[in-house]
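Numbering (full-length UniProt numbering), first residue to last: 1 to 63.
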Amino acid sequence: MQTNLYGNSGDGVVKVPKIYWEYCTKGVLTMEWIEGIKLTNRDSLNAAGFDIQQLVDQAIHIM
């Protein structure tokens, strides 16, 4: 799945956070911060003009 996500990250729709392996441990995953709206926040997605069904379809396609 990681390969699929990183392979599709250049499509302009999906941004996959970079993992900073040198700062990771067995119990900590360190990734870059990305500003955005969580897919679970429907009100904010609607207010921003996103088509939720299209977002779901794109997420399924990437996986």
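Where a beta carbon is used, it is the ideal one built from N, C-alpha and C, also for glycine.
Query, Result
"Here's a check: name, in chain order, each residue in its chain whose Cβ is nearer than 6 Å to the Cβ of Glu32, leaving out the five neighbours to either side.", "Pro17 and Lys18"
"Determine the DSSP secondary structure at Asp60, reduced to helix, strand or coil.", "Here residue 60 is Ile; the residue named in the question, Asp, does not match the sequence. Three-state result, Ile60: helix."
"To the nearest angstrom, how far is it from the Cα of Tyr20 to the Cα of Glu35?", "17 Å"
"Run through DSSP, which three-state label would Ile52 get?", "helix"
"Could you give the distance in angstroms between the alpha-carbon of Ile62 and the alpha-carbon of Ile52?", "15 Å"
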